[in-house]
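Input: a single structure, listed below in structure tokens.
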Amino acid sequence: MSKENKELFEFGDFRLDVGERRLERLDGNPTGGSLRDKAFEVLVYLVRNSGKLVTKDEVLSVVWPDAIVEEANLNKAIHVIRQFFGEAASEQKYIETVPKHGYRFVAGVKRIESGLNGDMGVAEVIQVAAGSIKKSSANGDSESTNELETIAETYESTKNEKPKAFSAEAFRVAAVVLIGVLGLGGLLVANNWRSFQSQPRDAAPTNAPDNHSKAYDLYVRGKVKAGIENREETEAAIMLLEEAVALNPAFAEAYAQLARVYNTKAFKYAADAERKHFYENAEVAIEKSLALNPDLAEAHFARGLILWNNTKRFPHEQAIRSYKRSLELDPGQDETHQQLSMVYAHIGLMDEAQAMLNKALELNPNNTMARFRVGNYLAWQGKFEEALAVLKTVPSEVSPVLVERIRAEVLIQIGHLGEAESLVDEYLSGNPVDEGGSFTSLKALLLAKAGKHDEAVAMIKRSIEIGKGFGHFHHTEYNIASTFATLNEPEQAVKWLENTAENGFPNYTYFSVDPNLDNLRQNARFIELMRKLEQQRSKFSRAV
26 MSKENKELFE FGDFRLDVGE RRLERLDGNP TGGSLRDKAF EVLVYLVRNS GKLVTKDEVL
86 SVVWPDAIVE EANLNKAIHV IRQFFGEAAS EQKYIETVPK HGYRFVAGVK RIESGLNGDM
146 GVAEVIQVAA GSIKKSSANG DSESTNELET IAETYESTKN EKPKAFSAEA FRVAAVVLIG
206 VLGLGGLLVA NNWRSFQSQP RDAAPTNAPD NHSKAYDLYV RGKVKAGIEN REETEAAIML
266 LEEAVALNPA FAEAYAQLAR VYNTKAFKYA ADAERKHFYE NAEVAIEKSL ALNPDLAEAH
326 FARGLILWNN TKRFPHEQAI RSYKRSLELD PGQDETHQQL SMVYAHIGLM DEAQAMLNKA
386 LELNPNNTMA RFRVGNYLAW QGKFEEALAV LKTVPSEVSP VLVERIRAEV LIQIGHLGEA
446 ESLVDEYLSG NPVDEGGSFT SLKALLLAKA GKHDEAVAMI KRSIEIGKGF GHFHHTEYNI
506 ASTFATLNEP EQAVKWLENT AENGFPNYTY FSVDPNLDNL RQNARFIELM RKLEQQRSKF
566 SRAV
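Here the sequence shown stands for residues 26 to 569, where the numbers follow the numbering used here.
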């Protein structure tokens, strides 16, 4: 985050720098420790909403997105924050507990304007200058050291009186001291000084801090919803993130998440008439994000998502490169590891997929989609009983089109056809449109296993009509192939398997172990397809 956009707050005896993840005492004394991870994020959310009651559910959804956690996690974070402040729960000088509802940050919070045209700009200059005290003392330059200490003391005593007027003087004197003490180039300091002097003292920043704060709040909420990927949350995320970039057009992270949800909408839920529109919106948003910050990990992650779709014929290696670039920039992204694992799994690199998934869960044990993919990948390796045990622990509302589909497929594989049929019928009754046709194609497979040939073929036609064009249609194609194999129509089955592989799911591993394809294994065309897929998998393996 650039200094112009730094998020800085003061309250009580403390200063909070959100971008640098720093919480310091205003008097410069040591704090005796630091707030780590979730406790820091809880504090940031409370401070941003100071004076407002925030519910426990609200904080949990923002700080622990895509995770199922108990209130005890939040209570522990609040306890850690209070310990840091030296506050007993009964004092509530900083955080007020509202029983059965949530928390309110009650200390007076002041948003500090960053940059050289405001209070915090001076603080930054003086902090730099203060860093020279030790060096100047070592060089015997006690006069400069004393002058620098005087600047800092004077600033602290007057900053609440006439901050901007004093800021100019403080900057000038600090610059002089820095030139003398550190030998900095006079031209550089003079240029900065002229730039500072030329700024209108009373003009508001281009993007007012209130807008930045609101945009950030919208971004966080949108990002949480973007990770859920069901229809309702995707629609809500689009609205939140569009508002965020309208408030702050220089918000690269928000554009990256907006690109992500546009892509999700196009890939999973948009009908023919609007699919192209949302894919184009995704391309525009990601280009804006990368133009604002070419080294933003979040943007390269979103680009990987956008690359890996049916309109581009699933360029697996390009998507992998984008995800890897994202991880080079920020290795701590559990979601990027999870999405990269999905690409590996689709091309049959199950060991690589599992390694990425393990890393995602190491970074965030509560990543629900990563837990789902554990079950998914077990199924694609033919370990159906183990897969079902895992899938039963994953809430279907995370992404019904994924979770319920894989669960139904596994139930079919282990012979629980009645349970699978109930699951498919329940989904279709609540989602009659069935974007992508995956559940309709499962219905066809169930009909084929029940010996209802004509009904199964009719359901295949229906799944093609409603599913073609959607990003995940390759899974529908695979189910169609399985249905034709069950109906003992090998030529049709292999044709649809070829389509499946060509359209984004060339999973040699699953093709090799799926019992639904067993009556194809002596078919010459199937044998040739498997030979090509094995070669392709080896090529992918060398590339990654």
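Don't be surprised by glycine CBs; every beta carbon is placed ideally from N, CA and C. Keep in mind it's a predicted model, so treat the numbers as computed, not measured.
### Query
Can you tell me whether N528 is buried or exposed, with buried defined as 16 or more other CB within 10 angstroms of its CB?
buried
### Message
For a test of the three-state rule: what should DSSP assign to R46, helix, strand or coil?
### Response
coil
### Message
Given this structure, state the Cα-to-Cα distance separating P124 from L78, to the nearest angstrom.
### Response
11 Å
### Message
For I311 and E305, what's the separation of their Cα atoms in angstroms?
### Response
Distance between the alpha carbons of I311 and E305 is about 10 Å.
### Query
Is the region 550-567 in contact with the region 391-410, if contact means three or more CB pairs nearer than 8 Å?
no
### Query
By how many angstroms is the C-alpha of S238 removed from the C-alpha of R108?
Here the sequence assigns Gln to residue 108, which means Arg is not the residue at that position. Taking the straight line joining both Cα atoms gives about 27 Å.
### Query
Can you tell me the Cα-Cα spacing of V43 and L33, whole angstroms?
Within the model, the alpha-carbon separation for V43 versus L33 is close to 6 Å.
### Endpoints, the beta strand (DSSP E) within which V123 is located
I120 to V123
### Message
I need the straight-line Cα distance from L545 to K520, nearest angstrom please.
### Response
12 Å
### From E553, L558 and K349, residue whose alpha carbon lies closest to that of N532
Nearest C-alpha to N532 among E553, L558 and K349: L558.
### Query
Considering L60, what are the terminal residues of the alpha helix (DSSP H) in which it resides?
From DSSP, L60 is part of no alpha helix (DSSP H); its letter is neither H nor E.
### Query
Under a Cβ-count criterion, where at least 16 other Cβ atoms within 10 Å of its own Cβ denotes burial, should D359 be classed as buried or exposed?
Buried, by the Cβ-count rule.
#### Entry: Close-in-space but distant-in-sequence residues of the same chain around R550 (CB under 6 Å, 5 per side omitted)
So the list reads V519, once near-sequence residues are dropped.
### Cβ neighbours of F530 in the same chain (closer than 8 Å, five flanking residues each side left out)
H371, H499, H500, E502 and Y503
### Message
Could you check whether the region 324-342 touches the region 364-380, counting it as contact only if at least three pairs of C-beta atoms, one from each stretch, sit closer than 8 Å?
### Response
Judged by Cβ distances under 8 Å, the region 324-342 makes contact with the region 364-380, as three or more pairs qualify.
### Query
Around the Cβ of T418, are there at least 16 other Cβ atoms within 10 angstroms (buried) or fewer (exposed)?
exposed
### Query
For V458, which residues of its own chain have a beta-carbon under 8 Å away from its beta-carbon, when the five flanking residues on both sides are left out?
I491
### Query
Can you name the start and end residues of the alpha helix (DSSP H) that Y287 belongs to?
A277 to T289
#### Entry: Validate contact between the region 437-447 and the region 269-276 using beta carbons, cut 8 Å, 3 pairs
As far as the Cβ criterion goes, the region 437-447 does not touch the region 269-276, which means the pair count is below three.
### Message
For A240, would you say it is in contact with chain D, using Cβ-to-Cβ distances shorter than 8 Å as the test?
### Response
The chain inventory of the structure shown lacks chain D, comprising one protein chain alone.
### Task
For the beta strand (DSSP E) containing T80, list its first residue and its last residue.
L78 to T80
#### Entry: Residue from V538, L472, G494 and A412 whose Cα sits closest to the Cα of F509
L472
### Task
Grab me the residues of A452's own chain with a C-beta within less than 6 Å of its C-beta, minus the 5 sequence neighbours each way, in chain order.
According to the sequence shown, residue 452 is Tyr rather than Ala. Cβ neighbours of Y452 beyond the five flanking positions: E429 and F464.
### Message
Going by DSSP, what residue range makes up the beta strand (DSSP E) through E553?
### Response
In the DSSP annotation of this structure, E553 is not part of any beta strand (DSSP E); the continuous alpha helix (DSSP H) holding it starts and ends at A549 to A568.
### Message
Measuring straight from C-alpha to C-alpha, what distance separates N288 and L352?
### Response
20 Å
### Message
Assuming A433 and L448 are in contact, meaning their beta carbons sit under 8 Å apart, how far apart are those beta carbons, in whole angstroms?
### Response
5 Å
### Query
Taking the C-alpha atoms as reference points, what is the distance between L436 and L374?
Straight-line spacing of the CA atoms in L436 and L374 works out to 24 Å.
### Message
At the level of alpha carbons, what is the spacing between D543 and V569?
### Response
Distance between D543 and V569, taken at the CA atoms: about 30 Å.
### Message
Can you give me the C-alpha to C-alpha distance between K477 and A483, rounded to a whole angstrom?
### Response
10 Å
### Query
Can you tell me whether DSSP reads F303 as helix, strand or coil?
helix
### Nearest neighbour of E267, chosen from V286, K486 and E257 [CA to CA]
V286
### Query
What is the DSSP secondary structure of S223, counted as helix, strand or coil?
Residue confidence is low: S223 scores 34 on pLDDT, short of 50, so the model does not pin down where it sits. Its coordinate-derived value is still stated next. In the structure shown, S223 adopts helical secondary structure according to DSSP, grouped into three states.
### Message
A322 and Q363 - do their beta-carbons sit closer together than 8 Å?
### Response
no
### Query
Could you give the uninterrupted runs of the alpha helix (DSSP H) lying entirely in the region 418-476, keeping only those of 4 residues or more?
425-438, 442-455 and 463-474
### Message
Restricting to Cα atoms, I'd like to know which of T56, R46 and D52 is closest to V67.
### Response
R46
### Query
Does DSSP classify G400 as helix, strand or coil?
Three-state result, G400: helix.
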